[in-house]
Amino acid sequence: MKVLVVGSGGREHALAWKLAQSPRVSKIFCAPGNAGTAQLGINVDIQVEDLDNLLALARNEKIDMTVVGPEVPLTLGIVDVFRAAGLKVFGPTAKAAELEGSKAFAKDLMRKYNIPTAEYGVFSEAKAAQDYIRQIGAPCVVKADGLAAGKGVIVAMDLATALNAVSEIMEGQFGEAGRRVVVEEFLEGQEVSLLAFVDGKTALPMAPVQDHKRIFDGDKGPNTGGMGTYSPPPVFTEELYQQVMESIVNPTVRAMAAEGREFTGVLFTGLILTQAGPKVLEFNARFGDPETQVVVLRLESDLAEVLEAAIAQRLDKIELKWSEKAAVCVVVAAGGYPGKYPKGDPITLPVSMPGWGTVFHAGTDLKDGRVVTGGGRVLGVTARGNGLAEAREKAYQLIEQVEFDGMFFRKDIGVKGLI
Ligand code: AMP
Ligand code: GLY
389 MKVLVVGSGG REHALAWKLA QSPRVSKIFC APGNAGTAQL GINVDIQVED
439 LDNLLALARN EKIDMTVVGP EVPLTLGIVD VFRAAGLKVF GPTAKAAELE
489 GSKAFAKDLM RKYNIPTAEY GVFSEAKAAQ DYIRQIGAPC VVKADGLAAG
539 KGVIVAMDLA TALNAVSEIM EGQFGEAGRR VVVEEFLEGQ EVSLLAFVDG
589 KTALPMAPVQ DHKRIFDGDK GPNTGGMGTY SPPPVFTEEL YQQVMESIVN
639 PTVRAMAAEG REFTGVLFTG LILTQAGPKV LEFNARFGDP ETQVVVLRLE
689 SDLAEVLEAA IAQRLDKIEL KWSEKAAVCV VVAAGGYPGK YPKGDPITLP
739 VSMPGWGTVF HAGTDLKDGR VVTGGGRVLG VTARGNGLAE AREKAYQLIE
789 QVEFDGMFFR KDIGVKGLI
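Taking the numbering used here, the leading residue of the sequence shown gets 389, the next gets one more, and so forth.
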């Protein structure tokens, strides 16, 4: 079958890489893709928001299955548009993607269905939000309601920062996404990402992952899209996993169906493991980046088969097989990220990839046949090993074969899991 992957990040290269290993997949298209996906199939220069041209591409090329990476086309309704045209597509409808597209919607759903999460208030007036902040005090967390590419969350350790965050979010910087704010109780604990394939009824969890959101070692500096991941995180015990499936993931899938927003695609639960038990920080309605990079390295099942089963609402018939090995992904970023960074710098890559790992491209382009930098997060160097320590060692060993001007990466990815 012919598969179209929508997106251009490390997540999409990882999905295309895994799909390319499936005997069911004969050809891969990626829109718009990066220099990594170009090696696996055909990149088509269509942006992810351009639903009309994506639909035309899928029709012209007789695509059998489309997999959508980023949140923006999902909230714009790409799944609704493709389904209406009779095309097979893996992802949530626009109504279901609200779970990520509106934090207020997600919080209200969790309150209504008793799904554990931080206490909160939703406000469309700055003054009311600030009154609430004075009432609950600092630390607290202020979030833009809508999509803000990971930049709409301010963890405020003092009152002034929290009050100021409300004005910053509501006064234009985030546009429509900042029309409302969510103010939350501050929670403490380790974070775990649990992704699940969902077909409307059945949730099939993936291997749990821990992300490293801050830019610098020791979780210092500003938040980023994610600087590295590892799987499995030892803090997430079998018992916690069962508890999260029973008290969070399955109830959320049922709640969405009950609300007439049947959820299909990937339900990504961002968890925080507090003293009072696991709670939801956020839901995403898609694969994580760079969570997907370690997930595909540990997934032994045929991804194309799983996605087809999800689309056909047959996930109850599928059992996922996971490698016992651990996996680590270290993001190599361009100097300046998450602020301004240069583009177009040539990248040296390993001459050949080892059996135990690979370099996923994220922000890369092809210029005169050479791979060059084209984004903030440039590469995801990913390795598998017997245990976390070995997987870490191998990932950092593979990075030694990577070079470009100004490159940097965290040295402590996975250290938290070495207990
Ligand atoms: P979100 O996009 O909502 O997951 O928030 C991004 C990051 O902000 C999370 O990964 C956490 O590190 C932090 N965060 C979000 N909500 C809270 C909270 N209620 N308490 C503490 N930290 C939070
Ligand atoms: N790595 C976090 C995310 O994909 O949102």
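We put the CB at the ideal spot given by N, CA and C, even for glycine.
Can you tell me the Cα-Cα spacing of residue i and residue j, whole angstroms?
i	j	result
K667	V739	44 Å
T746	T770	5 Å
K728	M615	16 Å
I406	E400	The question names Ile, but residue 406 in the sequence shown is Lys. Their Cα atoms are separated by approximately 10 Å.
G457	D546	36 Å
L659	D756	43 Å
M644	T481	12 Å
A532	V543	12 Å
L535	L497	18 Å
E778	R772	8 Å
A698	G479	9 Å
E459	T590	21 Å
P461	V394	9 Å
D519	G577	27 Å
A750	A419	13 Å
V632	L661	10 Å
G489	T463	6 Å
E647	A494	12 Å
V510	K491	9 Å
R841	K415	Past the boundaries of the shown model lies residue 841; the chain is included only from 389 to 807, so the question cannot be answered.
N774	V803	15 Å
K500	I636	13 Å
L786	T617	16 Å
P742	E788	13 Å
F624	K601	18 Å
A565	T505	21 Å
L669	L687	25 Å
L575	F671	16 Å
G665	N422	40 Å
I706	E634	19 Å
A537	D677	12 Å
N638	A473	30 Å
Could you check how far apart the C-beta atoms of residue i and residue j are, in whole angstroms? I think they sit under 8 Å.
i	j	result
E573	E507	4 Å
K436	F417	First, the amino acid is wrong: residue 436 is Val here, not Lys. Not confirmed; about 13 Å, so no contact.
A526	A553	Incorrect: roughly 11 Å between the Cβ atoms, too far for contact.
A715	L695	Rounded, the Cβ-Cβ distance is 20 Å, inconsistent with contact.
G588	T652	5 Å
I807	R780	That belief does not hold up - the Cβ atoms of I807 and R780 are roughly 13 Å apart, past 8 Å.
E486	R649	7 Å
N441	I434	5 Å
P734	V718	Their Cβ separation, rounded to whole angstroms, is 20 Å, which puts P734 and V718 out of contact at 8 Å.
K731	G762	5 Å
L754	A426	6 Å
L703	S689	Not quite, the Cβ-Cβ distance comes to about 12 Å (not below 8 Å), so this is no contact.
V467	V477	5 Å
Are residue i and residue j close, meaning C-beta to C-beta below 8 Å?
i	j	result
M558	V541	no
I503	L475	no
L392	L445	yes
E679	D605	no
E791	T736	yes
V720	S619	no
F748	L767	yes
P610	I603	yes
G398	P621	no
A783	W710	no
L443	V469	yes
G613	R412	no
S396	L691	no
F585	L403	no
A351	A484	There is simply no residue 351 to check, as the chain begins at 389 and stops at 807 in what is shown.
I521	V571	yes
E449	K515	no
R567	S512	yes
Hey, does residue i have any beta-carbon neighbour from chain C nearer than 8 Å?
i	result
E788	Included in the structure is just one protein chain, with no chain C present.
Which residues neighbour the ligand GLY when neighbourhood means a C-beta less than 5 Å away from any of its non-hydrogen atoms? List them by chain order. D599, G614, G676 and D677
Mind the definition here: the stretch 788-804 touches the stretch 716-727 only if three or more C-beta pairs lie below 8 Å; say whether that holds. The stretch 788-804 vs the stretch 716-727: in contact.
Count Cβ pairs between the stretch 650-657 and the stretch 579-588 that sit closer than 8 Å; are there 3 or more? Contact between the stretch 650-657 and the stretch 579-588 is present, because at least three Cβ pairs lie under 8 Å.
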